[in-house]
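Counting the sequence shown from 1 gives a position; the working numbering is that position plus 339.
C-beta: ideal position from N, C-alpha, C; glycine also.
These numbers were taken from a predicted model, which means no experiment stands behind them.
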Amino acid sequence: MIKFLNIGKQDAKIKNSIVKDIKKIISKNNFILGEEVYNFEKSFAKFCNANYAISCANGTDALTIALKILNLPKNSEVIIPAMTYCSTAFSVINAGLKPILVDLEKNKPTICIKEIKKKITSKTKVIMPVHLYGSVVDINEIKKIIKNKKIFIIDDCSQAHGSKLDNKRVGSLADISCFSLYPGKNLGAYGDAGIITTNNIKFFKKIKNFRNLGSDKKFIHTQIGFNSRLDTIQAVVLTHKLKNLEKYNKKRSVIAKYYDENINNDKIKKLNYSKQSVYHQYVILIKNRIKLKKLLEKNKIQYGFHYPQSINQLDCLKKNFKNKKFKYAENIANNCLSLPIDPTLNIEDIKRIVSVLNSF
Ligand SMILES: Cc1ncc(COP(=O)(O)O)c(C=O)c1O
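Structural data, given as structure tokens:
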């Protein structure tokens with residue numbers, strides 16, 4: 340079986356050190372926040388070349404917190420791509436704001452910047468691009484569109500730990516950057532986790548206070564915040580795993596390059612990723628997805644779908660976007676299939692995947 344994701348194999352060499360450090364935490368009886376969490380936050384900020392990092396319970400909370408601390412008027416508009424994970428849209432709605440969908444750019448997995456410009460109104464307060472599959476949105480182009488309007492950029496970096504734009508790491512490009520640290524991400528915990536980065540000290544202080552029930556000092560609550568803290572045990576796991584991130588991102592790029600160069604089948608369309616993507620997913624588009632699915636299953640090759648529905652097609656949001664079409668986002672939803680791109684895959688596995696795809 341060629342596995343889609345193999346966290347056990349990724350972590351084999353660091354497993355003993357992780358277990359040793361978890362045992363220390365248990366002996367210390369220290370399970371929430373603490374020195375290990377602050378050390379991880381510092382290491383992650385350094386990795387992103389950002390001034391500050393604040394951990395939290397998951398990526399959905401990271402996005403919601405980033406929006407809530409801006410204290411925007413109710414129903415302010417937030418521009419998001421029509422193809423992303425549901426959390427991007429849910430965070431906007433749960434923060435009392437209105438998601439405005441923008442289609443993707445042709446042949447790319449990311450938001451169309453020209454279309455963003457058309458959707459900006461006097462109510463637009465935030466643009467929330469998503470670096471989907473690890474492919475980076477050109478934040479500098481978005482900044483040019485905003486000019487001196489008071490619009491914030493919060494980027495959803497949940498699939499792009501380590502991706503770069505003009506040699507600058509994601510996490511240092513926007514006003515606030517939000518990451519999921521869900522187990523299957525390029526950097527993932529052994530449970531739910533998330534982290535937010537920023538260069539703005541005011542945002543840093545507000546976010547740090549908000550994720551701890553609005554409190555800097557015990558029993559003093561200055562904001563109606565969330566209980567969204569990182570477990571100490573997860574911080575220990577993440578500190579170890581962060582050391583492997585660059586190495587594994589490089590392996591993902593090597594696999595992606597092999598797919599780019601060797602999948603040669605007119606029935607399979609490839610997407611254009613940004614230059615310094617970290618390939619969280621390698622997504623192909625295929626008209627007869629069910630038939631390809633069967634062929635992969637027969638050959639014991641696991642696969643995924645990211646995502647089978649665009650935001651306007653989600654059951655709970657259909658009514659909000661009635662009569663709206665998002666051609667490129669819907670094309671990905673209807674035809675996408677994610678190939679294995681786990682960094683521990685070996686060349687024989689990758690060759691076998693390519694040969695099965697080329698025989699389709
Ligand atoms: C693009 C995107 N945004 C947000 C999230 C939400 O993160 P989490 O599952 O940690 O809440 C995810 C992860 O699944 C994601 O891929």
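Looking at GLY564: is its Cβ nearer than 8 Å to the Cβ of PHE549? Stepping through the sequence shown from its first residue, residue 564 is reached at position 225. Stepping through the sequence shown from its first residue, residue 549 is reached at position 210. In this structure, PHE549 lies closer than 8 Å to GLY564 by Cβ.
Measuring CB to CB, does VAL575 end up less than 8 Å from ILE361? Taking the first residue of the sequence shown as 1, we reach residue 575 at position 236. Taking the first residue of the sequence shown as 1, we reach residue 361 at position 22. A contact, by the Cβ cut-off of 8 Å.
Where DSSP assigns a beta bridge to ALA704, which residues make up the other side? Since the first residue shown for the chain is 340 and the last is 699, residue 704 is missing from the structure and cannot be characterised.
Per DSSP, what are the beta-bridge partners of CYS675 in this structure? Along the sequence shown, read from residue 1 onward, the residue named residue 675 stands at position 336. Note: CYS675 sits in a beta bridge opposite LEU624.
So for VAL469, helix, strand or coil by DSSP? The sequence position of residue 469 within the sequence shown is 130, counting from 1. Note: VAL469 maps to strand in three-state DSSP.
Whole-Å CB distance - ASP442 paired with TYR642, under 8 Å assumed: On the sequence shown, position 103 is the one that residue 442 refers to. On the sequence shown, position 303 is the one that residue 642 refers to. Actually they do not touch by this definition, with Cβ atoms about 25 Å apart.
Considering SER694, what are the terminal residues of the alpha helix (DSSP H) in which it resides? Counting from one through the sequence shown, the residue named residue 694 turns up at place 355. Element bounds for SER694: 686-697.
What runs of the beta strand (DSSP E), each 3 residues or longer, lie entirely inside the stretch 418-452? 437-441
For the beta strand (DSSP E) containing LYS658, name the first residue and the last one. As a working note, residue 658 is residue 319 in the sequence shown. Where LYS658 is concerned, there is no enclosing beta strand (DSSP E), given that its DSSP letter is neither H nor E.
Please enumerate, following chain order, all residues with a beta carbon closer than 6 Å to at least one heavy atom belonging to ligand 1. In chain order, the residues positioned with their C-beta nearer than 6 Å to some heavy atom of ligand 1 are ASN397, GLY398, THR399, THR423, TYR424, SER426, THR427, VAL469, ASP495, SER497, GLN498, SER519, TYR521, ASP531, GLY533.
Assuming SER554 is part of the beta strand (DSSP E), what are its boundary residues? In the sequence shown, the residue the question calls residue 554 occupies position 215. Start and end: 554-556.
Note down the Cα distance separating ILE689 from ASP605, rounded to an integer number of angstroms. Taking the first residue of the sequence shown as position 1, residue 689 is located at position 350. Taking the first residue of the sequence shown as position 1, residue 605 is located at position 266. Approximately 19 Å between the Cα atoms of the pair.
Can you look up GLY643 in the DSSP assignment and give me helix, strand or coil? One-based indexing of the sequence shown puts residue 643 at position 304. The three-state reading of DSSP puts GLY643 in strand, counting E and B together.
Flag this pair as yes or no: are the beta carbons of ILE602 and LEU471 separated by less than 8 Å? Along the sequence shown, one-based indexing puts residue 602 at 263. Along the sequence shown, one-based indexing puts residue 471 at 132. Result no, Cβ atoms of ILE602 and LEU471 do not sit closer than 8 Å.
DSSP beta-bridge partners for CYS517? As a first step, residue 517 must be located in the sequence shown, where it is residue number 178. For CYS517, which the question treats as bridged, DSSP gives the partners ASP495, ILE535.
Buried or exposed (CB count within 10 angstroms, at least 16 for buried), MET340: Here residue 340 is taken as the residue at index 1 of the sequence shown, counted from 1. Flag for MET340 reads exposed.
Measure the alpha-carbon distance for GLY347 versus HIS500 and round it to whole angstroms. For the purposes of this step, residue 347 is identified with residue 8 of the sequence shown, where counting begins at 1. For the purposes of this step, residue 500 is identified with residue 161 of the sequence shown, where counting begins at 1. Using only the alpha carbons, I get a separation of about 20 Å.
GLU600 versus VAL693 - alpha carbon distance: For the purposes of this step, residue 600 is identified with residue 261 of the sequence shown, where counting begins at 1. For the purposes of this step, residue 693 is identified with residue 354 of the sequence shown, where counting begins at 1. Each residue's alpha carbon lies about 10 Å from the other.
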